[in-house]
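**Q** Before anything else, here's the structure in question.
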Amino acid sequence: MAQVSAVSTILVDAEPAATLAAVADYQKVRPKILSPQYSQYQVLQGGQGAGTVAKWRLQATRSRVREVQVDVDVAGHTVIEKDANSSMVINWTVAPAGPGSSVTVKTTWTGAGGVKGFFEKTFAPLGLKRIQGEVLANLKKELEG
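Written out as structure tokens, the structure is:
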């Protein structure tokens with residue numbers, strides 16, 4: 001079984017501290033920036049940064065629906081979401097970039113083995129990057145007003 005990952009980055013015209021706070025805001029900001037592939041979003045515990053527990057349904061493809069429940073941690077400038085239902089980990093990393101910030105979201109998980117794993121590793125990141133790009137574009141709109 002191989003590691004599968006998808007990575008997307010966007011530049012935002014907002015200070016890194018404000019950007020990190022927005023990324024870690026599961027109560028107000030996150031519901032506003034999720035793309036249509038997300039549904040049934042709910043904060044179960046906390047709501048801001050480390051200690052938050054949130055869940056949602058992600059419809060990655062027409063036939064692929066994933067029930068996600070993440071425990072959130074923050075390490076430096078990275079918000080880390082670990083899915084309790086799978087090997088999936090989502091890292092949101094904020095870094096200074098000129099007058100603003102860059103936000104990189106990286107999703108990794110342990111893929112299937114064999115032929116199925118080959119196709120998963122080849123095609124799943126493409127669809128997930130599209131979803132990540134939409135969420136990041138919504139974050140940019142939210143931060144830049």
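When you line the sequence shown up against UniProt numbering, it's residues 1 to 145, in that order. A virtual CB, placed ideally from N, CA and C, is assigned to each residue, including glycine.
Could you compute how far the alpha carbon of residue 139 sits from the alpha carbon of residue 71?
**A** Position 139 of the sequence shown, counted from the first residue, corresponds to residue 139. Position 71 of the sequence shown, counted from the first residue, corresponds to residue 71. Approximately 21 Å between the Cα atoms of the pair.
**Q** In terms of residue numbering, what span does the alpha helix (DSSP H) encompassing residue 18 cover?
**A** Residue numbering aside, residue 18 sits at position 18 when the sequence shown is read from its first letter. If you look at residue 18, you'll find it in the alpha helix (DSSP H) that goes 16-23.
**Q** By Cβ distance below 8 Å, which residues in the same chain neighbour residue 146 in space, the five residues on each side in sequence not counted?
**A** Look at the range of the chain in this structure, 1 to 145, and you will see that residue 146 is not part of it.
**Q** Quick check: what's the CA-CA separation for residue 40 versus residue 103?
**A** As a working mapping, residue 40 is identified with position 40 in the sequence shown. As a working mapping, residue 103 is identified with position 103 in the sequence shown. If I take the Cα positions, the gap works out to 25 Å.
**Q** Provide the residue span of the alpha helix (DSSP H) that contains residue 30, from first to last.
**A** In the sequence shown, the residue the question calls residue 30 occupies position 30. Residues 29-33.
**Q** Taking residue 51 and residue 45 to be in contact with their CB atoms under 8 Å, please state how far apart those CB atoms are, rounded to whole angstroms.
**A** Taking the first residue of the sequence shown as position 1, residue 51 is located at position 51. Taking the first residue of the sequence shown as position 1, residue 45 is located at position 45. Sure, about 7 Å apart at Cβ, within 8 Å.
**Q** Less than 8 Å between the CB atoms is what I'm expecting for residue 100 and residue 13, so what's the real figure, rounded?
**A** Walking along the sequence shown from the start, residue 100 turns up at place 100. Walking along the sequence shown from the start, residue 13 turns up at place 13. Rounded, the Cβ-Cβ distance is 4 Å, consistent with contact.
**Q** Which partner residues does residue 141 have in the DSSP bridge list?
**A** In the sequence shown, the residue the question calls residue 141 occupies position 141. None; residue 141 has no bridge partner.
**Q** Quick one: grab the DSSP three-state call for residue 57.
**A** Start at 1 with the first residue of the sequence shown, and residue 57 comes out as number 57. Strand.
**Q** Among 61, 63, 54 and 92, which one has its Cα closest to the Cα of residue 85?
**A** Residue 85 sits at position 85 when you count from the first residue of the sequence shown. Closest option to residue 85, Cα to Cα, is 54.
**Q** Verify whether the separation of the beta carbon atoms of residue 107 and residue 3 is less than 8 Å.
**A** As a working mapping, residue 107 is identified with position 107 in the sequence shown. As a working mapping, residue 3 is identified with position 3 in the sequence shown. Cβ atoms of residue 107 and residue 3: not closer than 8 Å.
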